[in-house]
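Notes follow the structure.
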Ligand code: RAT
Ligand code: ZN
């Protein structure tokens, strides 16, 4: 009988949320040592250890920034944080001596890789079958390529990201008008139906699996806000008409320290009564939810027990650390069985897939082993076939079924 560890290691993942792009997007698909080092998780850590002032840091080239991050986090101190260890795991998996401390040599190694075989190799090392992208019509870099069309790489699936639409309606409305949608700044039936037309057009154009938004801790629903109105009159009807779940990423405080740019976002405890209200009032809509604050994870699990139209996924961003993955996944298994998706990678750089999934697998093995051992002690020993079924379910299968509406 195959061990649980080897089943977890060999089961391919369908990664349900990343910031990676189909190779057709060229340089938007980040890869290589400099992008690994200027990852915003590392920049926020480096900002605590570097002597360089932030304005000088941002004014410098990517290579110079990477040099500073490397020096601060890998040379002057041991890279013990989760994001730092990630770089080490990546280099090690690619067969590179991580302690060489020679950035020029690392750069040469990455530059020598042939992009499409490197992509295949990374996916293989990560044990990843497909990745879901984050695709925004509001992104001026990616919108033109979608409008023009391109042959899709089937391993890169799409999700429609709509943060500016919901969180910055007053500035988004003129953009929609410039794209030919007859919306006004006011909340009218015409505006709602034009926003639905935009969502339908983009869902078709990108072949979206779900619609997604990240929301601040004080997000309320119902409420007299543009976001709540747009959700009720455009996003939820769109979801029902087009079978699209709505993914809510709850608890991000954008720009807590704007000087850190992308690295400057923080966390707050979300008001989960909004989630409860959404799930209760909209039984024909499906909600995918991940939460940034550790403090609200238990409340979210209890809400999921009450609403089969809610599927929890991932240990998001600041909760993607071994300690919290262990805690959150144990809690979810104990209260939800296998009806959730323990992890997404949130990879921004191709090679992130390697470390995010290796580290997640390392965490899942003891968590699941304990549940199975407890179960065996109570008189139910799972077979190898059942373990394979459960692991495939947890590593993307359950999410797929929920998204397709086939079963919850
Ligand atoms: O984890 C991250 O990289 C964050 O910056 C966010 O992108 C977050 O995952 C999001 O999708 O908003
Ligand atoms: Zn993300």
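Numbering (this note's numbering), first residue to last: 169 to 576.
Glycine included, every Cβ here is placed at the ideal spot set by N, Cα and C.
This one's a predicted model, so the numbers in the text were calculated from it and none came from an experiment.
Considering only residues of the same chain and omitting the five flanking positions on each side of residue 319, which have a CB-CB separation below 6 Å?
Excluding sequence neighbours, residue 319 sits near nothing in its chain.
Do residue 539 and residue 504 have their C-beta atoms closer together than 8 Å?
In this structure, residue 504 does not lie closer than 8 Å to residue 539 by Cβ.
For the ligand RAT, which residues have a Cβ under 5 Å from at least one heavy atom, in chain order?
Selection output, chain order preserved: 382, 485, 514.
With a threshold of 7 Å (Cβ to nearest heavy atom), would residue 208 be considered close to the ligand ZN?
No, the Cβ of residue 208 stays beyond 7 Å of every heavy atom of the ligand ZN.
Would you check if the distance between the CB atom of residue 419 and the CB atom of residue 436 is smaller than 8 Å?
In contact: residue 419 and residue 436 (Cβ atoms closer than 8 Å).
Tell me whether residue 173 sits in a helix, a strand or coil according to DSSP, three-state version.
Of the three classes helix, strand and coil, the one that applies to residue 173 here is helix, per DSSP.
For residue 182, write down the residues that DSSP places opposite it in a beta bridge.
DSSP lists 298 as partners of residue 182.
In whole angstroms, what separates the C-alpha of residue 174 from that of residue 389?
Residue 174 and residue 389: Cα-Cα distance of roughly 44 Å.
In the DSSP assignment, find the alpha helix (DSSP H) that holds residue 567 and state where it starts and stops.
Counting along the chain, the alpha helix (DSSP H) containing residue 567 begins and ends at 566-572.
From the DSSP output, read off the bridge partner residues of residue 193.
BP columns for residue 193 are empty, so no partner.
From the DSSP output, in three-state form, read off residue 576 for me.
Here residue 576 scores only 49 on pLDDT, less than 50, and its place in the model is too uncertain to base an answer on.
Three-state secondary structure (DSSP) at residue 410?
Residue 410 falls in the helix class under three-state DSSP.
Please state if the CB of residue 186 and the CB of residue 433 are separated by a distance shorter than 8 Å.
Contact flag unset, no.
Can you look up residue 240 in the DSSP assignment and give me helix, strand or coil?
Here residue 240 sits in helix by DSSP.
Just how far apart, CA to CA, sit residue 576 and residue 219?
Low confidence applies to residue 576: its pLDDT is 49, below 50, so where it sits in the model is not reliable, and the reading given next is rough at best. Each residue's Cα considered, the two are about 51 Å apart.
Are there 16 or more other CB atoms within 10 angstroms of the CB of residue 549, so buried, or fewer, so exposed?
When all chains shown are included, residue 549 counts as exposed.
Assign residue 557 to one of three DSSP states: helix, strand, or coil.
Helix, per DSSP.
From residue 285 to residue 304, what distance separates their C-alpha atoms?
Rounded to the nearest angstrom, the two C-alpha atoms are 27 Å apart.
Spell out a yes or no on whether the segment 449-457 and the segment 465-483 are touching, meaning 3 or more CB-CB pairs, one atom from each, closer than 8 Å.
Contact between the segment 449-457 and the segment 465-483 is present, because at least three Cβ pairs lie under 8 Å.
Between the alpha carbons of residue 522 and residue 344, how many angstroms are there, rounded?
Taking the straight line joining both Cα atoms gives about 38 Å.
Alpha helix (DSSP H) containing residue 361: first to last residue?
It spans 357-374 - the alpha helix (DSSP H) in which residue 361 sits, taken as one unbroken run.
Going by beta-carbon coordinates alone, are residue 329 and residue 299 separated by less than 8 Å?
No, these two residues do not count as a Cβ contact at 8 Å.
If contact is defined by three or more beta carbon pairs under 8 Å, each pair taking one atom from either stretch, is the segment 369-386 in contact with the segment 423-432?
Short answer: they don't touch.
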